[in-house]
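Encoded as structure tokens, the structure appears first; notes follow it.
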Amino acid sequence: QKEVEQNSGPLSVPEGAIASLNCTYSDRGSQSFFWYRQYSGKSPELIMFIYSNGDKEDGRFTAQLNKASQYVSLLIRDSQPSDSATYLCAVSNTGGFKTIFGAGTRLFVKA
Amino acid sequence: EAGVAQSPRYKIIEKRQSVAFWCNPISGHATLYWYQQILGQGPKLLIQFQNNGVVDDSQLPKDRFSAERLKGVDSTLKIQPAKLEDSAVYLCASSAPGQGTDTQYFGPGTRLTVL
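Chains as they are written, first to last, in the working numbering: chain A, 22 to 132; chain B, 2 to 116.
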């Protein structure tokens, strides 16, 4: 069974700190990696996607991918209370096939 | 650009009843997904359509769940008969492969409660 593993949290960080969210996956054939944010009672919304090994930065967010270690992470710099949500890691094959979501990590940013 | 539309937003039924959900994807998106999200879990892919063809339904409980996407646009997901464990949020998503990303855009979901 192909899996995506995340720590369930909650991860609690003070406002202004860096939040680090981690995800491991079991299928070495995975090609596309996504981080979604989901507020309570809402649907997931895309934060970032990454396809290649290394770092990808977008504003306060940085996604990191290491295919050899089957590991993907999300760093949130200058965390804000509005970042408090569940962060879902998703992994798929090329073309969006066989998408598997992790159970998510709950993040709480304390003001 | 209009987002993914779903209806109804909420549904409460008794076990053994049937229920249907509707989804209209973002215009031009060829790929449509139905997910089941149980409270506290990540979304679980039930079925994926490419235009009006099924490309993955390996996790769809076919004895009670069915889905169709006639004409390659909107889609319906049906449960018949419903069980208590079907209580969940049913999310529809769409994507446009070939535009450099297979990012999925989600609708607001339908929250199903089976009593």
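We treat Cβ as the ideally placed atom computed from N, Cα and C, and that holds for glycine.
- Residue burial is scored here from C-beta neighbours: A106 (chain A) has at least 16 other C-beta atoms within 10 angstroms and is therefore classed as buried.
- For S95 (chain B), the secondary structure class from DSSP, reduced to helix, strand or coil, is strand.
- Looking at the DSSP output, L113 (chain B) bridges to B:K12 and B:A89.
- Excluding residues up to 5 positions away in sequence, Q7 and R10 lie with their Cβ nearer than 7 Å to the Cβ of P109 (chain B) in the same chain.
- The Cβ atoms of I27 (chain B) and V5 (chain B) sit closer than 8 Å to each other.
- With contact defined as three or more Cβ pairs closer than 8 Å, the stretch 45 to 63 of chain B and the stretch 81 to 91 of chain A are not in contact.
- With contacts defined by Cβ atoms closer than 8 Å, K12 (chain B) and T77 (chain B) do not form a contacting pair.
- For the C-beta of G80 (chain A), not a single chain B residue is nearer than 9 Å; the gap to the nearest is close to 17 Å.
- Here L96 (chain A) carries a strand assignment [DSSP, helix/strand/coil].
- By the criterion of a C-beta distance shorter than 6 Å, I48 (chain B) is surrounded in its chain by W35, D58, L61 and A68, once the five residues flanking it on both sides are discounted.
- Looking at the DSSP output, I39 (chain B) bridges to nothing.
- The C-alpha of W56 (chain A) lies about 33 Å from the C-alpha of Q81 (chain B).
- Distances from the alpha-carbon of P102 (chain A) to those of A:N114, A:T45, A:S94 and A:L32 put A:L32 closest.
- Take D99 (chain A), set aside five residues on each side of it, and the residues of its chain with a beta-carbon closer than 7 Å to its own are G37 and R81, in chain order.
- Interface flag for D75 (chain B) against chain A is unset, since no Cβ pair is found closer than 8 Å.
- One Cα belongs to C44 (chain A), the other to N114 (chain A), and the distance between them is close to 16 Å.
- Remark: C-beta atoms of S96 (chain B) and H30 (chain B) approach each other more closely than 8 Å.
- With 16 or more neighbouring CB atoms inside 10 Å of its own CB, I68 (chain A) falls in the buried class.
- Among the residues facing chain A, L46 (chain B) is included, as its CB has a counterpart in that chain under 8 Å away.
- Put simply, of B:Y106, B:L92 and B:R17 the residue whose alpha carbon is nearest the alpha carbon of G117 (chain A) is B:Y106.
- The beta carbons of T126 (chain A) and Q59 (chain A) sit no closer together than 8 Å.
- Under the Cβ distance rule, P109 (chain B) counts among the residues neighbouring chain A, one pair being separated by less than 8 Å.
- Linking L109 (chain A) to K45 (chain B) through their CA atoms gives a straight-line distance of about 12 Å.
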